[in-house]
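Engineer: Residues -28 to -1, 1 to 83 (mature numbering (1 follows the signal peptide of the UniProt record, and there is no 0)) make up the sequence shown, in order. Every residue, glycine too, gets a C-beta built ideally from N, C-alpha and C. Here it is: the structure, laid out below.
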Amino acid sequence: MYSRKYSRRWPVCAAAVLALGGCQTAPARVELQRVNVPVPVACDEPEPERPVMPTEQLQPGATVDQFTQAAQAEIERREAYEIRLAAALANCIRPISPSLPAAGTTTESHP
């Protein structure tokens, strides 16, 4: 009789202990954080075509005056080419502005 009396109470007590044990621990708090990670993106900017430089077209035996004149013209062309190269590079390395906010973030600013 002793074992029968406690055998009926055992499942009820075990269920009560397990049910009350779940009340002890609070659920873990989930906090979303925005993490900015650089992502490599292919640059679609076309490379400017390199101009033909005047000193490359000089014939062998050109005079010093011809070489000086070609070198002066080459400086102007090279500077214009470098400006186009710098503009193409600036377009490739400029930051990409996100079109939509990341999941779990808002666009409101917090003090």
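(1) Give me the residue from C(-16), A(-1), E46, R(-20) with the minimum Cα distance to L30.
(2) Tell whether a beta-carbon distance below 8 Å holds between E17 and A60.
(3) Taking the straight line between their C-alpha atoms, what separation do you get for V9 and R1?
(4) Give the straight-line distance between the Cα atoms of C15 and R56, rounded to the nearest whole angstrom.
(5) Measure the alpha-carbon distance for A(-10) versus S(-22) and round it to whole angstroms.
(6) Do P20 and R49 have their C-beta atoms within less than 8 Å of each other?
Structural biologist: Short version:
(1) E46
(2) yes
(3) 24 Å
(4) 15 Å
(5) 19 Å
(6) no
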